[in-house]
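In what follows, a single structure is set out as structure tokens and then discussed.
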Amino acid sequence: MDERSRYVKLTKDQTTLEEDIKPGELNQPIQVPQLDVKKCMECGQPLPESYAPPADEPWMTGIFGCAEDRDSCLTGLFCPCVLFGRNVESLNEDTPWTGPCICHAIFIEGGIALATATAVFNGLIDPGTSFLIFESLFFTWWMCGIYTGQVRQSLQKNYHLKNSPADPCCVHCCLHWCALCQEHREMKGRLSESIASEMTLVNAPPVQEMKSTDEKKSPEASSSDSNEHTDLQIQAL
């Protein structure tokens, strides 16, 4: 039984191509927006656009556990700008710690110094001017809390941490130094855990001893072997 061809042969008049196809034009990749979707890391199923990973992981240390890490506690107390720069650099390796450190020193440490000077020389400064200074410093402090809160929020997204004890911006506005120390301890603890999980314990191979297995044959055995070979007879065909 003859099978009919599934291909249809078109003549030159039946083709509807307006332009000639250049060599390699049909081999270009095609981007399909429906296929560019987020997928689950475990099962590979596509996820909706509004999907957000659950933030239910607890923090390794509490907000008031500054004494658990002495180095970060002293750095956050005397040089919080340096600790903030290190935290930003740990989250984003492309960003050097010097930039965030300088911004933190100008706006936060500089604002605290200006507020202290205004309070000391309160009698020498006009009350209206002092009120404007304190109001501007309060606004600057709130804006810095939003910026540092975004860094804390990025840390929470990376490790799926929940808001503890409150929203990241509120935590930095009310407990800025404690939040810096907690974030540093969290990243330090997560990094040590990841390094420990990647390390594998390799046991040393057992000591091997070389033993000679070749045994010298006795003269009697060698003579018997020679006799076996000499017993061969040649017969004429």
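Each residue of the sequence shown is one higher than the one before, starting from 1 at the first, in this note's numbering. Cβ atoms here follow ideal geometry from the backbone N, Cα and C, with glycine treated the same way. This one's a predicted model, so the numbers in the text were calculated from it and none came from an experiment.
Backbone secondary structure at residue i - three-state DSSP
i      : result
Lys38  : coil
Pro48  : coil
Phe64  : coil
Leu175 : coil
Thr87  : Reading the sequence as shown, one finds Asn at residue 87 and not Thr. Of the three classes helix, strand and coil, the one that applies to Asn87 here is helix, per DSSP.
Phe107 : helix
Phe139 : helix
Asp69  : coil
Residue(s) in a DSSP beta bridge with residue i
i      : result
Pro127 : Pro127 pairs with nothing; no bridge assigned.
Pro58  : Answer is none; Pro58 lacks a bridge partner.
Leu161 : Glu57
Minimum C-alpha distance to residue i - residue among the options
i      : options                           : result
Glu109 : Gly123, Cys79, Ser164 and Gly85   : Cys79
His184 : Gly99, Cys66, Cys40 and Pro46     : Cys66
Thr148 : Cys174, Ala115 and Lys39          : Cys174
Ser164 : Phe64, Arg70 and Glu49            : Phe64
Asn158 : Asn92, Cys81, His104 and Gly76    : Asn92
Cys73  : Gly145, Cys181, Trp141 and His104 : Cys181
Host alpha helix (DSSP H) of residue i (start-end)
i      : result
Gly99  : Thr98 to His104
Asp94  : Careful: Asp94 lies outside any alpha helix (DSSP H) and carries neither H nor E.
Phe121 : No alpha helix (DSSP H) contains Phe121, which DSSP labels as neither H nor E.
Asp167 : No alpha helix (DSSP H) contains Asp167, which DSSP labels as neither H nor E.
8 Å Cβ shell around residue i - same chain, five flanking residues per side excluded
i      : result
Gly189 : Met60 and Thr61
Ala115 : Ile133, Phe134 and Leu137
Leu47  : Val37, Lys38, Lys39 and Cys40
Pro58  : Leu161, Lys162 and Ser164
Trp97  : Val82, Gly85, Arg86, Val88 and Glu89
Neighbourhood of residue i by C-beta distance below 7 Å, restricted to the same chain and skipping five residues each side
i      : result
Ser130 : Thr118 and Asn122
Residues of its chain near residue i, where Cβ-Cβ distance is below 6 Å and the 5 sequence neighbours each way are ignored
i      : result
Ala250 : The structure shown does not extend to residue 250, since the chain is modelled only from 1 through 237, so no value can be given for it.
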